[in-house]
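Report on one structure; see the data block that follows.
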Amino acid sequence: MRAFLLPIDNLLRGEETGLTPLEPTPPLRLRRLLLFILMFGLLYGAVMGGYGGIAGDRWKQVIFSAVKVPFLLLGTFLLSLPSFFVVSTLLGLREDFGQSVRALVATQAGVTIILASFAPFTALWYVSFSDYQSAVIFNAVMFGLASLAAQVLLRRIYAPLIARNSRHRMLVRAWLIVYAFVGIQMGWLLRPFIGDPAMPTRFFRAHAWGNAYEVVLRMVWNLMTR
Amino acid sequence: MFHWFKQLDRILRGEATRLSALRAGTIDVSVGGLSAVLLILGLLYGLCMGLFSVIASGGRTYAQLLATTVKVPALFFLTLLITFPSLYVFNALVGSRLTIKSVMRLLVAALGVMLTVLASLGTIVAFFSVSTSSYSFMILLNVVVFAISGFLGLLFLLQTLHRLSIAQEPEPPIAPVEHRPSEGEATTIPPPLPGTTEPSAIERVDGRMLGSHTRVVFRIWIIVFGLVGAQMGWVLRPFIGNPNLPFALFRPRHSNFFEAVLHHIWNLFR
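See below:
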């Protein structure tokens, strides 16, 4: 248990920032970070998909949601990686590329760990309120909080890189913009994450293929012209 | 082939455009080899861009995909071909010392930066192509992606022009060897770490203002290259392919690039 928790603890404290991790351990390997994303993402996803219980067809939603959370993070990451590589080369930061990728993956691992720690809240919410809309909003708030908390982690892990070369700051800002841009659309595509009990359980929602930004812009437009 | 990719990598890293590497007055790259790599990168982005038409047609027509794949590299090479004579002449008129060969190499290197950034954003464009049904959104996304890559490419062009003009000066007015940091300076400023001393490919060389030649040449080039590039893109339409219109290799000539962008921003809201 201790061997399992220690690397997570060090990750959350910002492993290589000199913020005194509990015990000096070798820096986290990329493979282990990916394993964290998979493991904790699956965990939160499963809880999130447990909204309608597991009676009948609903158990499928638990599995679908569990798979979707790590897929959302890793898919967005992979799509955004090539441009990150090229721009970091252009800015003369190729030597640090390995380290910055590790920092970015560690941040995403942080998101899933934080989300997983929120999972009991989500379960309690499901037990207390049965309204589908409020479940959606609650999960959105959880994702928002986890992303915000992970910003702190990102800043901590990135501090030594920025101290070495201030161009890293610009690069990580550009990364966040691209990542959010792709991630929002990815999240939109992977709906439903929770699964309306009134609808049949499916991996993808029928006729939901579309563009998140287009939908939002249209909503804004409709509000303004009404 | 691999060797040519290596050359592109040296350009991106800024190794090919260091002051010490530019003493000969030119970038040490082979135009032919680099063009081959650029062709591949252009085809790659074209493929990502053309994916939208395949998805929008329900996987029935591949003509637009094929056309777009060819059109993207064609856009860049044709723009270079059309603008090169005038770019060279302006450059000579302003009194820069660049030879015709080094102008060619410089422009191909800048295209290299543009196309690499473009191709690297291809994954995101392909992702949106597959998942979006809005034609206007795809057009605007592609305009933004082209603008980002164009911006970085032009930044590279400007800094390399600047460096070329410094490297060719017979004697640098400020000799860097004479600069001795005082004791106070030495304690407050940490010594730069190895690897960070060299400026990156798109960064200005420390402590030097842009020369007036560089600035004039660059302004003229931007205007010529930008106008011709935008118009060439307009002539080569359609790149993405309106799902409501049948496939056509080229569209009839009317309107212009800037009017169309405004039109699609408007469209996205409705």
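If you read the sequences in order, they're chains A and B.
All letters in the first sequence, in the order written, are residues 1 to 226 by the numbering used here.
All letters in the second sequence, in the order written, are residues 1001 to 1270 by the numbering used here.
For each residue, glycine too, the CB sits at the ideal point set by N, CA and C.
Bear in mind that the values here come from a model prediction, so they are computed numbers and not experimental data.
Whole-number beta carbon distance between residue j and residue i, since they are thought to touch under 8 Å
{"i": "A:Gly-53", "j": "A:Ala-66", "result": "A:Gly-53 to A:Ala-66, Cβ: 15 Å. No contact."}
{"i": "B:Arg-1204", "j": "B:Gln-1159", "result": "6 Å"}
{"i": "B:Thr-1214", "j": "B:Ser-1165", "result": "5 Å"}
{"i": "A:Leu-243", "j": "B:Ile-1202", "result": "The question about residue 243 of chain A has no answer here: the residues shown for chain A are numbered 1 through 226."}
{"i": "A:Ile-184", "j": "A:Ala-146", "result": "At roughly 15 Å, the Cβ-Cβ gap does not stay under 8 Å, so A:Ile-184 and A:Ala-146 are not in contact."}
{"i": "B:Ala-1110", "j": "B:Leu-1066", "result": "The Cβ separation is near 28 Å, so there is no contact."}
{"i": "A:Val-86", "j": "B:Ser-1120", "result": "4 Å"}
{"i": "B:Thr-1116", "j": "B:Leu-1008", "result": "7 Å"}
Chain B contact residues for residue i, given Cβ-Cβ distances below 7 Å
{"i": "A:Val-182", "result": "Ile-1124 and Phe-1127"}
{"i": "A:Thr-89", "result": "Leu-1012 and Arg-1013"}
Contacts that residue i makes with chain A (C-beta to C-beta distance below 7 Å)
{"i": "B:Ile-1027", "result": "Ordered by position in chain A, no residue passes the 7 Å Cβ test against B:Ile-1027, which lies about 16 Å from the chain."}
{"i": "B:Phe-1269", "result": "Leu-217 and Trp-221"}
{"i": "B:Ser-1120", "result": "Pro-82, Ser-83, Phe-85 and Val-86"}
CA nearest to the CA of residue i, picked from the options
{"i": "B:Trp-1234", "options": "B:Leu-1249, B:Ala-1021, B:Trp-1221 and B:Pro-1243", "result": "B:Leu-1249"}
{"i": "B:Glu-1259", "options": "B:Gln-1231, B:Gly-1095, B:Phe-1269 and B:Ile-1240", "result": "B:Gln-1231"}
{"i": "A:Phe-40", "options": "A:Ala-116, A:Met-170, A:Thr-89 and A:Leu-145", "result": "A:Ala-116"}
{"i": "B:Ile-1240", "options": "B:Asn-1142, B:Met-1104, B:Ala-1110 and B:Asp-1009", "result": "B:Asn-1142"}
{"i": "B:Met-1104", "options": "B:Ser-1086, B:Ser-1120 and B:Leu-1121", "result": "B:Ser-1086"}
{"i": "B:Leu-1081", "options": "B:Leu-1093, B:Gly-1229 and B:Asn-1256", "result": "B:Gly-1229"}
{"i": "B:Thr-1099", "options": "B:Ser-1053, B:Arg-1253 and B:Ile-1027", "result": "B:Ile-1027"}
{"i": "B:Leu-1043", "options": "B:Gly-1058, B:Thr-1069 and B:Ser-1053", "result": "B:Thr-1069"}
{"i": "A:Val-182", "options": "B:Met-1209, B:Ala-1056, B:Gly-1032 and B:Thr-1123", "result": "B:Thr-1123"}
{"i": "A:Leu-73", "options": "A:Ala-180, A:Ser-166 and A:Ile-63", "result": "A:Ala-180"}
{"i": "B:Ser-1131", "options": "A:Gly-187, A:Ala-198 and A:Arg-155", "result": "A:Gly-187"}
{"i": "B:Gly-1032", "options": "B:Phe-1005, B:Ser-1057 and B:Gly-1058", "result": "B:Phe-1005"}
{"i": "B:Ser-1096", "options": "B:Val-1037, B:Val-1217 and B:Pro-1073", "result": "B:Val-1217"}
{"i": "A:Gln-133", "options": "A:Ala-106, A:Val-47 and A:Tyr-51", "result": "A:Tyr-51"}
{"i": "A:Ser-88", "options": "B:Leu-1093, B:Ala-1109 and B:Val-1113", "result": "B:Val-1113"}
{"i": "A:Val-105", "options": "A:Leu-30, A:Pro-197, A:Val-86 and A:Met-1", "result": "A:Leu-30"}
{"i": "B:Ala-1126", "options": "B:Phe-1137, B:Arg-1018 and B:Met-1049", "result": "B:Met-1049"}
{"i": "B:Arg-1023", "options": "B:Ile-1055, B:Arg-1163, B:Leu-1155 and B:Val-1054", "result": "B:Arg-1163"}
{"i": "B:Thr-1200", "options": "A:Phe-203, A:Asn-165 and A:Phe-138", "result": "Note that residue 1200 of chain B corresponds to Ser in the displayed sequence, not to Thr. When each option's Cα is compared against that of B:Ser-1200, the closest is A:Asn-165."}
{"i": "B:Ser-1020", "options": "B:His-1263, B:Glu-1169, B:Asn-1242 and B:Gly-1211", "result": "B:Glu-1169"}
{"i": "A:Gly-77", "options": "A:Ser-100, A:Met-170, A:Trp-221 and A:Arg-205", "result": "Checking the displayed sequence, the identity of residue 77 of chain A turns out to be Phe instead of Gly. When only C-alpha atoms are compared, the closest one is A:Ser-100."}
{"i": "A:Leu-33", "options": "A:Phe-4, A:Arg-58 and A:Gln-61", "result": "A:Phe-4"}
{"i": "B:Arg-1018", "options": "B:Lys-1101, B:Glu-1198 and B:Val-1145", "result": "B:Glu-1198"}
{"i": "A:Leu-154", "options": "A:Phe-138, A:Gln-108 and A:Met-170", "result": "A:Gln-108"}
{"i": "A:Val-141", "options": "A:Ser-128, A:Phe-118, A:Asp-131 and A:Phe-129", "result": "A:Phe-118"}
{"i": "A:Val-136", "options": "A:Met-224, A:Arg-191 and A:Asp-96", "result": "A:Arg-191"}
{"i": "A:Arg-202", "options": "A:Asn-10, A:Leu-42, A:Val-47 and A:Gln-61", "result": "A:Gln-61"}
{"i": "A:Lys-68", "options": "A:Pro-120, A:Leu-189, A:Pro-200 and A:Arg-218", "result": "A:Leu-189"}
{"i": "B:Met-1138", "options": "B:Glu-1015, B:Ile-1265, B:Phe-1247 and B:Phe-1002", "result": "B:Ile-1265"}
{"i": "A:Val-178", "options": "A:Leu-79, A:Arg-218 and A:Gly-98", "result": "A:Leu-79"}
CB contact flag (residue i, residue j, <9 Å)
{"i": "A:Ile-162", "j": "A:Val-172", "result": "yes"}
{"i": "A:Ala-123", "j": "A:Ile-157", "result": "no"}
{"i": "A:Gly-45", "j": "A:Phe-143", "result": "no"}
{"i": "A:Gly-210", "j": "A:Ala-149", "result": "no"}
{"i": "A:Leu-38", "j": "A:Pro-70", "result": "yes"}
{"i": "B:Leu-1161", "j": "B:Leu-1106", "result": "yes"}
{"i": "A:His-168", "j": "A:Leu-81", "result": "no"}
{"i": "B:His-1135", "j": "B:Phe-1076", "result": "It should be pointed out that residue 1135 of chain B corresponds to Tyr in this sequence rather than to His. No; because the gap between Cβ atoms is not below 9 Å, this pair is not in contact."}
{"i": "A:Ala-159", "j": "A:Gly-56", "result": "no"}
{"i": "A:Phe-84", "j": "A:Trp-175", "result": "yes"}
{"i": "B:Leu-1245", "j": "B:Lys-1071", "result": "no"}
{"i": "A:Ile-113", "j": "A:Leu-35", "result": "no"}
{"i": "B:Thr-1079", "j": "B:Phe-1225", "result": "yes"}
{"i": "B:Leu-1093", "j": "B:Tyr-1045", "result": "no"}
{"i": "B:Leu-1012", "j": "B:Leu-1140", "result": "no"}
{"i": "B:Pro-1243", "j": "B:Ser-1133", "result": "yes"}
{"i": "B:Phe-1038", "j": "B:Val-1145", "result": "It is worth fixing the name first, because residue 1038 of chain B is Leu in this sequence and not Phe. Cβ distance not < 9 Å, so B:Leu-1038 and B:Val-1145 don't count as in contact."}
{"i": "B:Ser-1102", "j": "B:Gly-1153", "result": "no"}
{"i": "B:Arg-1060", "j": "B:Val-1029", "result": "no"}
Contact set between residue i and chain A, taken where Cβ atoms lie within less than 8 Å
{"i": "B:Val-1113", "result": "Leu-90"}
{"i": "B:Val-1117", "result": "Ser-83, Val-86, Val-87 and Leu-90"}
{"i": "B:Leu-1152", "result": "Val-87 and Leu-90"}
{"i": "B:Ser-1020", "result": "None at all; the shortest Cβ gap to chain A is about 15 Å."}
Contact list for residue i against chain B, beta-carbon separation under 8 Å
{"i": "A:Leu-189", "result": "Ser-1131"}
{"i": "A:Arg-227", "result": "What is shown of chain A runs 1 to 226, which leaves residue 227 of chain A out entirely."}
Where residue i meets chain A, residues with beta-carbon distance less than 9 Å
{"i": "B:Ala-1201", "result": "Thr-89, Leu-90, Leu-91 and Gly-92"}
Beta-carbon neighbours of residue i, restricted to chain B and to distances below 9 Å
{"i": "A:Ser-80", "result": "Thr-1123 and Ile-1124"}
{"i": "A:Gln-151", "result": "Correct list: empty, because the minimum Cβ distance to chain B is about 22 Å."}
{"i": "A:Gln-61", "result": "Here the premise fails: no neighbours, minimum Cβ distance about 22 Å."}
- request: Check each residue of the segment 195–217 of chain A: if its Cβ is closer than 7 Å to any Cβ of chain B, include it; give the result in chain order.
  value: So the close ones are Trp-209, Gly-210, Asn-211, Tyr-213, Glu-214 and Leu-217.
message: For the segment 1131–1145 of chain B, list every residue whose C-beta sits within 7 Å of some C-beta in chain A, in sequence order.
response: Within the segment 1131–1145 of chain B, the residues whose Cβ lies closer than 7 Å to any Cβ of chain A are, in chain order, Ser-1131, Thr-1132, Ser-1133, Ser-1134 and Phe-1137.
task: Check distances from the C-beta atoms of the segment 97–112 of chain A to those of chain B and list, in chain order, the residues that come in under 7 Å.
output: None of the residues of the segment 97–112 of chain A has a beta carbon lying less than 7 Å from any beta carbon of chain B.
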